[in-house]
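Residue numbers for the sequence shown follow full-length UniProt numbering, so the first one is 1 and each next one is one higher. Every residue gets a Cβ at the ideal spot worked out from N, C-alpha and C, and that includes glycine. The next block holds one structure in the form of structure tokens; read it before the comments.
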Amino acid sequence: MISETQTLQSLIVHYERQLHCQATRSQKTIIDQLLHRDFFEIGRSGMRYDKQQVIDALISETVEQQIQADNFELSVVDEKSVLLTYLSYRADENNIVSKTWRTSLWIKNADSQNPADWQMRFHQGTPTAN
Numbered sequence: 001m002i003s004e005t006q007t008l009q010s011l012i013v014h015y016e017r018q019l020h021c022q023a024t025r026s027q028k029t030i031i032d033q034l035l036h037r038d039f040f041e042i043g044r045s046g047m048r049y050d051k052q053q054v055i056d057a058l059i060s061e062t063v064e065q066q067i068q069a070d071n072f073e074l075s076v077v078d079e080k081s082v083l084l085t086y087l088s089y090r091a092d093e094n095n096i097v098s099k100t101w102r103t104s105l106w107i108k109n110a111d112s113q114n115p116a117d118w119q120m121r122f123h124q125g126t127p128t129a130n
């Protein structure tokens, strides 16, 4: 039997993976729905980005980069917030793979009656120690 937490993890991982897909990354409307109005990110570079900066960067990408991810773990903070951690992999033009620990805080959209309406409030990427 699938637990409530497993069902929620499947949903949140699905949303997270949507943000990895080029088809989603090029559509401002979808990105806007997935990211909370107060979203911000601390990137792998250590730079801080707000929601608009992330949207602008994603929709202007010209090279499709394949993002692989695994080791997803979901921690329930409370009934309206969860923390997702995972490891992502990305190869550069020289086929050198960089690994990044990722953390996303997802919150239930308080304005919505739909139980599936979760939005990413915060995201951080931290390079792995090699």
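Span separating the alpha-carbon of glycine 43 from that of alanine 57: 12 Å
Three-state secondary structure (DSSP) of lysine 80: coil
Residue of Lys51, Asn109, Val77 minimising C-alpha distance to histidine 123: Lys51
Threonine 5 versus leucine 84: straight-line alpha-carbon distance, rounded: 12 Å
Arginine 102, enclosing beta strand (DSSP E) - first and last residue: 97 to 108
Rounded distance between the beta-carbons of aspartate 70 and tyrosine 86, thought under 8 Å: 7 Å
Close Cβ partners of valine 82 (< 7 Å) along its chain, the five nearest in sequence each way excluded: Leu8, Ile12, Leu74, Ser75, Val76, Trp106
Nearest-angstrom Cβ-Cβ length linking isoleucine 59 and lysine 28, presumed shorter than 8 Å: 5 Å
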